[in-house]
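In my numbering, the protein residues as written are 66 to 166.
Dropping the structure here:
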């Protein structure tokens, strides 16, 4: 159970770094190579996929949390996954290389 909690925390932190990557590249053009930023976008999406699965299927993950708080955690993980999916889709399919705005 401890390893699942650590995995969830590490993947969650990696997903938050993904948020910084998406908006950093979108507004500042942080990555110069189109191949590299597409690969990073897909990597952050793949790292985010297990988050809602871990939270929804493991009832012993955070035993101190109430049921309502766990439901909010599941919804937050799902919203993070949807956000990463949409941003990855936009990055890979539509965005040109370099700064956008």
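Here a beta-carbon is modelled for each residue, glycine too, at the ideal position from N, C-alpha and C.
Where residue 98 is concerned, there is no enclosing alpha helix (DSSP H), because DSSP gives it neither an H nor an E. Counting along the chain, the unbroken alpha helix (DSSP H) around residue 117 starts and ends at 115-122.
Relative to the Cα of residue 105, the nearest Cα in the group 128, 87, 121 belongs to 87. Non-local beta-carbon contacts of residue 107 in its own chain, meaning distances under 8 Å to residues more than five positions away in sequence, involve 153, 157 in chain order.
Residue 112 and residue 132 have their C-alpha atoms spaced approximately 25 Å apart.
Residue range 132-158 is occupied by the alpha helix (DSSP H) that includes residue 132. Using a Cβ distance threshold of 8 Å, residue 83 and residue 109 count as a contacting pair. Setting aside the 5 residues that flank it on each side, residue 139 is surrounded in the same chain by 117, 120, 121, each with a C-beta closer than 7 Å to its C-beta; the list follows chain order.
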